[in-house]
Every structure is written in C-alpha cells, then in structure tokens.
Amino acid sequence: MDQSFELLPEPFQINPSLPIYEQFAWAIQGRIVSGHIPPGSRLPSVRELAAGRGVNPTTAARTYQELERMGLIVTYRGQGTFVTRDAAVIGEARKEIMRKAIKEFKAAAGKLGLTAAQLLEFDKEDSHDG
Amino acid sequence: MTANHYSMEAAAGPAAVECRGLGLTRRKKSILQDISFDIPQGSLTGLLGPNGAGKSSLLRIIAGLAAPDTGSVRVFGQPAGIEQLGMLSLLPDRSNLPGWLSVREWLDFAAGIYPDWDPVKALEVQAELNVSVEPAISSLSRGEEARLQLLTCLSRTAPLIILDEPFTGVDLISRERIASAVVGELADGRRTFLIATHDIREMELLFDRLILIGKGTIRSIEDVDRLRRSGKSVESHYREVFA
Amino acid sequence: MSAMKTLVRLEYSRYSLSRLGKHYRLLTALILVIGTVLIGIYLPGSRSSERIPFIYAALLVWSAVTVLSAVSMVSFMNAGSRDWMLSFPHSRLKLLYAKMISLLGHSLQLMLAVLLAAVMLYLYSVRSGWYPPLSMPGLLYLVAAYTLFMLIFLPLAVVFGLAISLFLQPGRLARLLFIPYTALWMSPFIVDGIYGTGYSGAQAAAPGSPGFMLYASLAAAAAGWPLSHLLMLLVAARGLEAEGQEVRSSSPTGASRRFRSGTLRITRNTGLQKDTSTFMMLYRLYAGRTRRTEKHPAVLSLKFAVPPMVAAVFYFGITSNVESVVLSLMRSLFGLVITFSSVWVLLRSSSERKQLPWLLSFPQSRLALLLSGIAVVWTTAVRIMVILLLSAAAGSVTALIAGNTGLQDWSQTLIWLLYFFLFYVLVLTVMLCLLQLEYYTMKAPVLGILMFPVSLLGLMGGVFLNKIIFLPAELHTGILPDWSLLGWIALIGLPAAFCCIPAGARYYHLSLSRPAGKKQA
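Protein chains in written order, with the UniProt record's numbering: chain A, 1 to 130; chain B, 1 to 243; chain C, 1 to 521.
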C-alpha cells in the first residue's frame, strides 16, 4: 500500500530523559485517532522506523509492541504491521487521549486557582472581544 | 508497563563478549583495573568515558591485538586472541586504510583478505553510505574515510562489530549516514555492536546498554531504558558519573 | 584467489613502481643501472679483478635489501594502517610472510638491476683493459655462482631487515641486542673494510671465487633459511605486537611528550636569556628527540664502549705498525656515521608526518624549520665524529708517549686522521643538504626518480668513499693526503649542496599532501 502519511508528526522532538518507545507510541496513537494515519494503513517496518529516526531497533520494536498491546495495530506474519480497522478500539484510544487532555487541562486551571469551567468561560468571552 | 516483554532480547548462547577481572599495566602505569562485564548478543553497547580512560586499550584486548596482564576475555565463549579475529570486525581508533590504494582497489583486496566478506552486502552498504570508489584513499576527507572504514566493517558477516571512535572528525551528514547504517545492521538481530565514542548526543538514542569507564575502572553499567524510566538521559547519567 | 596471494599483492602494491606507470619504471631501472655502473667504474677496487663487480653487487644487494626491508618494517609500524592490517583475520606469521614475499619480489628486481650493472661493469673493465676477459663458460660460471648466492641470501636479507621490529619493542632486553644487530647489518662492509681487496686473489679457492660462492650459497641455504624461518616466527610472535603502540611515536602521548619537553626547555631558557632566537628554539625542539634516543640503553652502552675501543685499537695498531689498517677502520666508522645520518634524515620525513602540520604552522620560515632539523642531525653526527677523532688521537698519543712509535710516523698518522675527519665532515654536510632535495622532488613524480640515486648515495656514500679516497698501504713512505680534494669539495660541492636547502624548504609542505605509501621503492 502506498504510504501517504507520516508515522510521526514533523518535527518530532525526542526527550532523551524518558523512555523513547513511550514517546513514540503516544505520538503514533495520537496520529491514528486523529485520522492522520487511516485505519488499515500499513506501517513501516521496525528497521525502517529505527533507521529513519536513528534509534535502537529495540526501541522501535517496543513501540509497536506497546501499540499492539493497546490493540491499535496488528501484525500479520510475513505481511507487515497494519493499523486496526476496529472502530471501537480506535474510539477507546481516542477516549483515553481525551481523558488525558482533560486531566492536563484541569491541572493547568488548578495552577491558576481556577476550575476548568471558569477557564472555558474566559475563552468564550476572550474570543468575543477579539 | 513492565520491561522484558519484548521479543528482541538476546538470542541464546554465550555472551558476545565476556570480560573477567581485566588488568593492564604499561610502563608501570596502570591502564585497566579489574574490568568485568558481559555484552549480550544482539545488543548495541556504548563504551563511554573521558579521554585516556582506557577505552581503546580495552577494545584492543577484546580484539586480541593486545594481551591483558590479568583476567580473561571471551568472545562468543572462546578466549580472545588473533584466532578470534574472524569473529569480529574492528574499526580501530585513529587508523587509516592503506593510503596508496584507490577505494576500489582496497575493496577488491578486502574481499580476498576477509574470509567472511559479503560482496552483495558491500554494494548495499556502499550505496547506503554513499562511498565513491574512484578516488585514492589518501585523498579522502576524514568523513569519507570514516565511511569507507565502516563500509569495510559492515561488509563482513562477522557477528561482533567493534567501532572505536567511528565519528572522530566526521561531519554531521556522514554521522547520520553511519548511525543509520549501524541501525540497519542491528535490526537483523544477528549482530552485536560495541561502540566507543565521545559523541553521546549523536549516539544516545542508539545504545541499549552503557558501559562507563574512567581511569581504567568500570564506573557504571546501565540498561538505557531503565535509565530513562528513572528520568535520566544517557548524557545526564554520564555527567553524574564523571562530574 | 587465496588470502595469502591477496595479502602478498596488497603488500607488494605498497612500493610497486608500476603505480607510477611503465615509463617511470623503465626510467628508474635505467638510472639505477647506469648510476651503479658509473659508481662502480670510479671505485679503484674495480680494476683489480673480474670478481670485484660481482662482489660489490652482492654487498650492495645485501645492504640495500636489508635497509629497504627495515625501512618498510619501521614505516609499517608507524603507519596509520597498521591496526587495520594487524586485525586482518589471519595469523601473524601469514601476514609477515606476505610482507616478506612482497619484499622479496621487489628485492629480486633490484638484484637483477644490480646484476646487470655488474655485468656491464665487467664488460667495461675488460674493454678498458683492466684485466683480461674470462672465457665465455668462465664468465657464465661466475655470473651463475653469484646469482645463485644472491638468490639464496635474498630471503635472509629481507628477514634480517624485518627483524628490526624486534628491537623497537619498548622495555625489552632485546633493545640491548640492537648493537650486534646493526653490526651484522653492516657486516659485509666491515669485512670489506678490514680485508680490503684481499679476496681478489687469483687462487681458485680464494673467497670470492665462483667455487667458493657455491659453497657459500650451500651454507647460506642450509643454515640461513631455517634461521630465517625461526626469525620470522620470533618476529611474528614478538615483533608485531600491538603494544608497540607505544613505539608508534605518532600516538598523541608520544608526540605531545616530545613537544612538551621541547617547550619546557624553551620557557626555562627564555627566563635566563631573553634573546634566544627562534631558530635556537626550533633547534632545541628537534634536539629533544635526539636526547631521548641518547638515553636508550643500547645507545648509552655504545657511548661508553666505543671511545675506549677506538683508543685501544689505535694504540695497538700504531704499536704493531699497521697504521693503514687502523686508519681504514676509522674511515669505515666515519662512513657509518654518514650512513646513519642519511637513514635518519630519510626516516625523518616519514616519521614526522603527523606532526608536520603543526611544525609547518609555526610562524617561522620553512627555511628555518628545515635548517634547524638538519642542524640537529649535523651536530649530532659531527659530535660523534669528533669523539671518534679524539679517542683515536688519545690512543695514538699514548702510543707515542709509550715510545712505541717515532714522532714523524706518529704525526703522519695524525695528519691522515685529520684529513679523513675533515673529508667526512664535508661529505656529511654535502649529503645532508642533498637529501633535502627530497621535498623538492615531490613537485612531480618524475623528479621522484631523481631521489632514488641521491638516497642510495646517502646510504652507501660512506662505503663508496672508502673505495675512492686513496690511502697508501704503507704510511711510512711519507705520502701526504691530497688536500686539494678537500678544497674542491668545499669549493664546488658545498655551494651546490647549500642550494638544495632553500629548494627543499620551498616545497617542504608537499610532504603533507604526499600519500603515505609513495616512498622510494
């Protein structure tokens, strides 16, 4: 299948102080749920991913294992690795990302001494003024 | 999530390199003391340390080019020595290929000299590293010669590859090419790499294990993923150890 | 193709002249042959017997091959490609034999050229009527005997030259054996210096006769070949060890240590005398290297052993009325000093390769750089010669005081001694300057061919000169040395030679861009 998508967002900054496969898996998960990588797409091989990013192949392999564990990708022996076509799984992953985003949003509001609702209210007024 | 659930972990069999209590003294100066470590097959181990830490001496001993005063080294279970040179592919530090030859001539010679030379692989790696065969070796820039040296190492099927400072004086693009060629080789899972380098930032994403030596002793042996899970990068760990 | 064959070809390619192209190769051979013939014609010994050209050929081949093998070994030990070659997955003995066989190939070509020159010299001598021609079978027998002899000792000479690496290993007792080793190296010339043309006698069994050479070949094959194999085993086991990394003066520690000692000295001195010229600083920098060599146990023991020996030899020589023998020995010693200085200069250009970018980037003129380098060699060589001269003089004075010789005989011996000293100092000066042409000749590969006879002259010059300058067999007849020869050399030779220094200095930098391998073959 023709690859018309980027596996990882460009530019992608790796933080060398955190496990790299986690960073990769999280980013790819985001690309899948947002539709940047359509369901059923064939992903690059472990070797291609590793060589392209200059990381240890083990890191690339772990990334795929992580995504596989979540059910987002499936590996068929001899054919390659594909994004799942199971909408329920993708939906579940989307929910997880949303939960995480909300959590971060709430945390940011908390730092300012506000609730999430207050912060959203401010946004509404602000965009009216603008 | 837990570690050890990935399938690429070392194949069965003896460690690629097994050092036990290595000591080396030259001219009454102690160069290495009580060095012990294992390098599992299929891993990419970074050998890091300040200048003069004894990295090159250690690699020479592993390659069988020098004998330790105490301790032992085994390469795939066999005592290290000249007989083991066929098992490993060494890129020596600050060395040159025969400068009086052209690249093509050297590759022809290499094919005859190394019993494990793989001509198909040589062509692949040559294209990957973008090595041109016409010029004389003595006229190559450092980066070009470094790539040719790596080409020589990778065109063999030897299961252990030892690179001693492969990046010294090599430009950014050449570094990237070299790093990605190394990754390509490693992905088959059949090769073991041991790389001594100063270029931590360039290489830290590649290593899965670290051996830090300073003043001739082992300062730290780390699994890189474990390091990152504790919130440290290779670089920050290096600073911690040697600061 | 077998790995051995590849290894041999790789080694062979290093010094192969064929890389220069067919024309250069022919030209080199031609210059070599003609040059050798010309030198042969001017050697007075050539006139005495038809065996002499071949004896000289054998001597020349022995020393040239040992020197070339030793140089190739030393340059291998210092070359950047050493670690690569040592990590080839083959046994050390195999690597060493590959080196030996390739050198044997080169030596064979050299031998053929020299043999050709010897035959030409023979033909020339016969035409000049120096001696009656041999019958055709006689000539063929002579040539065949010498060819066989050279063929047999060629492997010995190569292995012997390669064995130099044994003595370069650091911190080994073997370093002490360096003296007998070099003595063996020069043995043909020492023998030649002592016997003179003694083996030119017409008796059939005399040393140098074809029959004798056949026996010598047999002996060399029976004893020498097994010995060389043993030596090869030893060199493979001990001489190639990568621990020799400390030998490798190009390793940064070695180089920086050398520089450091030089600079320390400079700072210490500038405190005392501020007007130390930059030239002197450069001189001291280079001299630091010599000072280190002088601390070598072998050199130290030489330093203590040679002067008393020379004095003793002179004392007994004068006492037993064999002044001319003693003087010719002295001449050989002076000649040796010139040979060593030339080897030093020739090796210098390859050994300082790694430091050269630094040296050349000193804010100094190239002339000062080159000159200070030569000056160190010159002063060291002259110092040795002066010590030899003084020791000899001391021996002769003792003989005079002991009443073993008359004042007149004594003064005559001393005059000859002084004459030789001055003569060899002059030749040394000319030679060192001439060798600087090396840099000039890097301008073009054609010129490189020029360098071959020049370096050969440097290596062999001392020996040839022994043949050229006249020394009467009986000193007491009152024959005085030909001082005008000295005058001519000083008048013509010196200015011409001095011109070579600026010429070399101008192209000093070319040795940076020169590919490492392309030294003279």
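Heads up, the beta-carbon is just placed ideally off N, CA and C, and yes, glycines get one too.
Endpoints, alpha helix (DSSP H) assigned at residue i
i             : result
residue 322/C : Residue 322/C -> no alpha helix (DSSP H), and no H or E assigned at all.
residue 65/C  : 52-78
residue 204/B : Taken as a continuous stretch (DSSP letters only), residue 204/B belongs to no alpha helix (DSSP H), as it is neither H nor E.
residue 290/C : 278-294
residue 487/C : 483-488
residue 132/A : There is no way to answer for residue 132/A, as the model of chain A reaches only from 1 to 130.
residue 109/C : 92-127
residue 160/C : 136-162
residue 234/C : 225-234
residue 36/C  : 22-42
Distance between residue j and residue i (C-alpha atoms, nearest Å)
i             : j             : result
residue 411/C : residue 306/C : 23 angstroms
residue 394/C : residue 499/C : 38 angstroms
residue 257/C : residue 289/C : Below a pLDDT of 50, predicted positions are generally treated as unreliable, and residue 257/C, at 40, falls in that range; no measurement from the model is reported.
residue 265/C : residue 142/C : Any reading at residue 265/C needs caution, since the residue's pLDDT is 42, under 50, leaving its predicted position unreliable; the model's value is listed next. Approximately 60 angstroms between the Cα atoms of the pair.
residue 226/B : residue 90/B  : 29 angstroms
residue 436/C : residue 422/C : 22 angstroms
residue 415/C : residue 458/C : 26 angstroms
residue 31/B  : residue 70/B  : 12 angstroms
residue 190/B : residue 58/A  : 13 angstroms
residue 155/C : residue 59/C  : 15 angstroms
residue 218/B : residue 17/B  : 15 angstroms
residue 131/B : residue 125/B : 9 angstroms
residue 220/B : residue 368/C : 51 angstroms
residue 13/B  : residue 222/B : 21 angstroms
residue 148/B : residue 241/C : 25 angstroms
residue 57/C  : residue 19/B  : 56 angstroms
residue 192/B : residue 26/B  : 29 angstroms
residue 91/A  : residue 33/A  : 7 angstroms
residue 117/B : residue 224/C : 38 angstroms
Residues that residue i contacts on chain B, provided the C-beta gap is smaller than 8 angstroms
i             : result
residue 17/A  : 228, 231, 232, 233 and 236
residue 485/C : Within chain B, no residue comes near residue 485/C; the closest Cβ sits about 43 angstroms away, beyond 8 angstroms.
residue 524/C : Any property of residue 524/C remains undetermined from this structure, which presents chain C solely from 1 to 521.
residue 81/C  : 95, 96, 97, 98 and 99
Contact list for residue i against chain B, beta-carbon separation under 7 angstroms
i            : result
residue 84/C : 92, 95 and 97
residue 6/C  : 109, 112 and 113
residue 97/A : Ordered by position in chain B, no residue passes the 7 angstroms Cβ test against residue 97/A, which lies about 17 angstroms from the chain.
Contacts that residue i makes with chain A (C-beta to C-beta distance below 9 angstroms)
i             : result
residue 176/B : 54
Residue i burial status per 10 Å Cβ neighbour count (16 or more: buried)
i             : result
residue 55/B  : buried
residue 107/B : buried
residue 334/C : buried
residue 49/C  : buried
residue 113/A : exposed
residue 127/C : exposed
residue 38/A  : exposed
residue 98/B  : buried
residue 210/C : buried
Contacts of residue i in chain A (Cβ-Cβ under 7 angstroms)
i             : result
residue 184/B : 47 and 51
residue 225/B : 19
residue 244/B : A query on residue 244/B cannot be resolved here, the shown segment of chain B reaching from 1 to 243 and no further.
residue 155/B : What residue 155/B touches in chain A: nothing, since even the nearest Cβ is about 18 angstroms away.
residue 179/B : 54
Beta strand (DSSP E) segment containing residue i, residue limits
i             : result
residue 212/B : 209-214
residue 196/B : 192-196
residue 14/A  : From DSSP, residue 14/A is part of no beta strand (DSSP E); its letter is neither H nor E.
Where residue i meets chain C, residues with beta-carbon distance less than 8 angstroms
i            : result
residue 63/B : 87
Listed by chain order, chain C residues near residue i by CB distance under 7 angstroms
i             : result
residue 195/B : Those within 7 angstroms of residue 195/B in chain C number zero; the least Cβ separation is about 16 angstroms.
residue 101/B : 13
residue 161/B : None at all; the shortest Cβ gap to chain C is about 12 angstroms.
residue 82/B  : 91 and 92
Neighbouring residues, chain B, relative to residue i (Cβ below 9 angstroms)
i             : result
residue 73/A  : Simply none; closest approach about 15 angstroms.
residue 3/C   : 112, 113, 114 and 115
residue 231/C : Those do not exist, as residue 231/C stays about 19 angstroms from chain B at its closest Cβ, beyond 9 angstroms.
Chain A residues whose Cβ lies nearer than 8 angstroms to that of residue i
i             : result
residue 204/B : 16
*asked:* Runs of 3 residues minimum, wholly inside the stretch 118-176 of chain B: which ones carry the beta strand (DSSP E) assignment?
replied: 160-164
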